[in-house]
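In what follows, a single structure is set out as structure tokens and then discussed.
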Amino acid sequence: MTSFNLDDYIRKIPDFPKMGILFYDITSILASPVAFRYCIEKMSEIYKDKNIDAIAAIEARGFLFAAAFAFNMNIPIIPIRKKGKLPGVTLARKYALEYAQAEIEVHSADVPRGKRVLLTDDLIATGGTLNAARSLLSEGGAQVPEIFGIVGLPFLNYSKILDPTPVTTLINYQSE
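For the sequence shown, counting from 1, position 143 maps to 633 in the working numbering; every step adds exactly one.
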């Protein structure tokens with residue numbers, strides 16, 4: 491694909507989930523085989539020579555991109571889920587939301603000690619969830635050389651919380 495405008499496949503929904511928020515909806519990418527294929531091919535192109543041993547994905551939309559990428563690259567996928575969703579022994583990390591706290595978990599046995607794990611989500615906003623996930627993977631002994639997202643919202647300053655880990659996105663939006 492020489493010329494492809496991913497923005498054409500991202501639905502913008504004003505005032506969701508609350509007034510004043512512009513929501514960037516990636517489900518329209520999933521509804522388009524051409525757009526979804528573009529995303530997976532771009533991910534594979536970016537990481538083909540970066541010696542990635544596994545990919546970790548944030549629940550739930552991050553799973554969709556990570557699973558296709560993992561299949562393409564023949565590497566394992568490590569699900570990072572909301573608290574209480576994993577049945578085995580887990581590592582857990584709490585993190586702050588705008589008005590509350592949340593907690594994510596990963597099966598401790600799934601984290602490959604000493605291996606390079608690409609951390610991914612569909613959209614990177616403030617970076618809080620990804621920062622907590624990066625901490626979980628590091629606690630489990632993995633290296634997180636990079637963070638990947640389909641959509642980036644750098645105006646929310648995710649780079650401050652995710653520094654020094656490099657962040658790559660396929661498309662960025664500069665303001666709401």
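Just so you know, even glycine gets a beta-carbon here, dropped at the ideal spot from N, CA and C.
Assumed close pair residue i, residue j - CB separation to whole angstroms, cut-off 8 Å
i: P602; j: D539; result: The pair is not a contact, with the Cβ atoms about 20 Å apart (cut-off 8 Å).
i: I637; j: L609; result: 5 Å
i: V596; j: V634; result: Contact flag wrong, Cβ pair sits at about 12 Å.
Proximal residues to residue i (C-beta, below 7 Å), its chain only, five neighbours per side dropped
i: C529; result: I519, F555, I640 and L660
i: N562; result: I530 and S534
i: Y514; result: I500, K502, L613, V641 and Y663
Own chain, CB closer than 8 Å to residue i, minus 5 neighbours either side, in chain order
i: F645; result: Y663, Q664, S665 and E666
i: Y585; result: Q591, A592, E593, I594, G618, T619, N621 and A622
i: E549; result: P569, I570, R571, K572, K575 and I594
Residue i, enclosing beta strand (DSSP E) - first and last residue
i: K502; result: R501 to P504
i: N662; result: V657 to N662
i: K575; result: Looking at the DSSP string, K575 is not in any beta strand (DSSP E), and its letter there is neither H nor E.
i: F526; result: Counting along the chain, F526 falls outside any beta strand (DSSP E), though it belongs to the alpha helix (DSSP H) covering P523 to Y537.
i: A547; result: A544 to I548
Nearest to residue i (by Cα), restricted to the options the options
i: D612; options: V657, P635 and A582; result: V657
i: P523; options: L581, E593, L496 and G617; result: L496
i: A525; options: L608, F494 and L587; result: F494
i: R699; options: A590, R527 and T619; result: Outside the displayed span of the chain (491 to 666) sits residue 699, for which this structure offers no information.
i: V579; options: S598, G642, I516 and R501; result: S598
i: L627; options: K650, Y499, I567 and A550; result: I567
i: A632; options: K573, I545 and L643; result: I545
i: I516; options: G552, Y648 and R583; result: G552
i: F508; options: E588, L652, A560 and N647; result: It should be pointed out that residue 508 corresponds to Lys in this sequence rather than to Phe. If we check each option's Cα against that of K508, E588 comes out closest.
Outcome for residue i when other beta-carbon atoms lying within 10 angstroms are tallied against a minimum of 16
i: D600; result: buried
i: G604; result: exposed
i: E593; result: exposed
i: P654; result: exposed
i: R501; result: exposed
i: A547; result: buried
i: P504; result: exposed
i: I614; result: buried
i: G630; result: buried
Host alpha helix (DSSP H) of residue i (start-end)
i: L626; result: G618 to E629
i: L599; result: The amino acid occupying residue 599 in the given sequence is Ala; Leu does not appear at that position. Taken as a continuous stretch (DSSP letters only), A599 belongs to no alpha helix (DSSP H), as it is neither H nor E.
i: G552; result: R551 to M563
Same chain only: Cβ atoms within 6 Å of residue i, ignoring 5 sequence neighbours per side
i: Y499; result: S518, I519, S522 and A525
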